[in-house]
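Asker:
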Ligand SMILES: [Zn+2]
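Residue numbers (this note's numbering): 44 to 279.
Structure (structure tokens):
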């Protein structure tokens, strides 16, 4: 199994804004990578204390514990959890965020970063900021972005009034066939957030077993072979 043109990355660092992004969003891809033999790690900027779901004075700690449990399910070896303000990452100096990404990438020897797409996928400003920091804090490391295909985003917006932008077909660089079973278990670890999440449930139903990704920073030798190989696999 390989992610041409870089092959299977030896060490992947996912850069996220909130505990649950690694599972609700990136869980299928992270499990795919760890299952294939990549070492995977997560840098999460906030403890998700501003969530309206499960609001309590302890949410700050509850969500940290949920992240640790979910990481175990997804085969994530290392979680680097910061305590920056949930909902206000845009107010944190980009330099500070970028420095944290650079340090985490060095600590885990990252050969690839995995992020939410630049539009934040759901449009959340914290998601956009996390990706901006990932791109700013590293140089020369390929950056792969997860998104939902535009038809999936449009269907969700129509059904739930959400704000998914969606990724156009011709901008998809890579499609992966993922096993959702581990992702569902990881999602369930986020008890404070996932007890009733119809948007998430519907999104996973619409996505089926396929995730769509694009390079924000392309590897040294971008090759069409990867695109064809993976698309062929996805049709099976
Ligand atoms: Zn989030």
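By construction, the Cβ of each residue, glycine as well, lies at the ideal position given by its N, Cα and C atoms.
Apart from the five residues on each side of it in sequence, which residues of its chain come closer than 7 Å, Cβ to Cβ, to residue 261?
Answerer: Mapped onto the chain shown, residue 261 falls at position 218. Result list for residue 261: 185, in chain order.
Asker: How would the residue list near ligand 1 read, in chain order, if you kept each one whose beta-carbon is closer than 6 Å to any heavy atom?
Answerer: That gives 60, 61, 64, 167, 170.
Asker: Helix, strand or coil: how does DSSP classify residue 168 here?
Answerer: For the purposes of this step, residue 168 is taken as residue 125 along the chain shown, with counting starting at 1. If DSSP states are grouped into helix, strand and coil, residue 168 belongs with the helices.
Asker: Return the CA-CA distance between residue 73 and residue 83, expressed in angstroms with no decimal places.
Answerer: Position 30 of the chain shown holds residue 73. Position 40 of the chain shown holds residue 83. Each residue's Cα considered, the two are about 7 Å apart.
Asker: Quick check on DSSP: helix, strand or coil for residue 230?
Answerer: Sequence index remark: in the chain shown, residue 230 carries index 187 (1-based). Three-state result, residue 230: helix.
Asker: Under the rule that 16 or more other beta-carbon atoms within 10 Å means buried, what is residue 235, buried or exposed?
Answerer: Residue mapping note: residue 235 aligns to position 192 of the chain shown, counting from 1. Buried is the call here.
Asker: Specify the secondary structure class of residue 98 as computed by DSSP and reduced to three states.
Answerer: For the purposes of this step, residue 98 is identified with residue 55 of the chain shown, where counting begins at 1. In the three-state scheme derived from DSSP, where H, G and I count as helix and E and B as strand, residue 98 is classed as coil.
Asker: Give the DSSP-derived three-state secondary structure of residue 181 in the structure shown.
Answerer: Within the chain shown, the letter at position 138 stands for residue 181. In the structure shown, residue 181 sits in coil (DSSP, three-state: anything other than H, G, I, E or B).
Asker: Is residue 119 closer than 7 Å to residue 158 when the C-beta atoms are compared?
Answerer: Reading the chain shown from its first residue, position 115 is the one you call residue 158. Reading the chain shown from its first residue, position 76 is the one you call residue 119. Against a cut-off of 7 Å, the Cβ pair of residue 119 and residue 158 comes out as no contact.
Asker: Determine the direct distance from the alpha carbon of residue 154 to that of residue 224, and round the result to whole angstroms.
Answerer: Counted from its first residue, the chain shown places residue 224 at position 181. Counted from its first residue, the chain shown places residue 154 at position 111. Their backbone Cα atoms lie some 26 Å apart in a straight line.
Asker: Is residue 161 helix, strand or coil when you go by DSSP?
Answerer: The count along the chain shown starts at 1 and reaches residue 161 at position 118. DSSP places residue 161 in coil when its eight states are reduced to three.
Asker: Tell me residue 122's beta-bridge partners as DSSP assigns them.
Answerer: As a position in the chain shown, residue 122 is number 79, starting the count at 1. The partner list for residue 122 (beta bridge, DSSP) reads 85.
Asker: Where do the N-terminal and C-terminal ends of the beta strand (DSSP E) with residue 255 fall, by residue?
Answerer: Stepping through the chain shown from its first residue, residue 255 is reached at position 212. Residue range 253-260 is occupied by the beta strand (DSSP E) that includes residue 255.
Asker: Would residue 44 be called buried (16 or more neighbouring beta carbons within 10 Å of its own) or exposed?
Answerer: Numbered from its first residue, the chain shown carries residue 44 at position 1. Note that residue 44 scores 45 on pLDDT, short of 50, meaning its location in the model is unreliable; the coordinates nonetheless yield the value given after this. Exposed: under 16 other Cβ atoms inside 10 Å.
Asker: Have a look at 52, 110, 168 and flag the residue whose alpha-carbon is nearest the alpha-carbon of residue 128.
Answerer: Walking along the chain shown from the start, residue 128 turns up at place 85. Of the listed residues, the one whose Cα sits closest to residue 128 is 168.
Asker: May I ask you to verify whether the stretch 133-144 touches the stretch 170-179, counting CB pairs closer than 8 Å and requiring at least 3?
Answerer: yes
Asker: Please report how far the alpha carbon of residue 81 lies from the alpha carbon of residue 67, in whole angstroms.
Answerer: In the chain shown, the residue the question calls residue 81 occupies position 38. In the chain shown, the residue the question calls residue 67 occupies position 24. Looking at the two C-alpha atoms, the distance is approximately 20 Å.
Asker: Measure the C-alpha to C-alpha separation of residue 126 and residue 110 and round it to an integer number of angstroms.
Answerer: Start at 1 with the first residue of the chain shown, and residue 126 comes out as number 83. Start at 1 with the first residue of the chain shown, and residue 110 comes out as number 67. Taking the straight line from one Cα to the other gives about 13 Å.
Asker: For the candidate residues 200, 165, 263, 180, whose alpha-carbon lies nearest to that of residue 189?
Answerer: Here the question's residue 189 lines up with position 146 in the chain shown. Of 200, 165, 263, 180, the residue nearest in Cα terms is 165.
Asker: For the alpha helix (DSSP H) holding residue 77, just list the boundary residues, first then last.
Answerer: Counting from one through the chain shown, the residue named residue 77 turns up at place 34. Run containing residue 77: 70-79, per the alpha helix (DSSP H) assignment.
Asker: Given a threshold of 16 other Cβ atoms within 10 Å of its Cβ, counted over all protein chains shown, does residue 163 qualify as buried or as exposed?
Answerer: Residue mapping note: residue 163 aligns to position 120 of the chain shown, counting from 1. So residue 163 ends up on the buried side.
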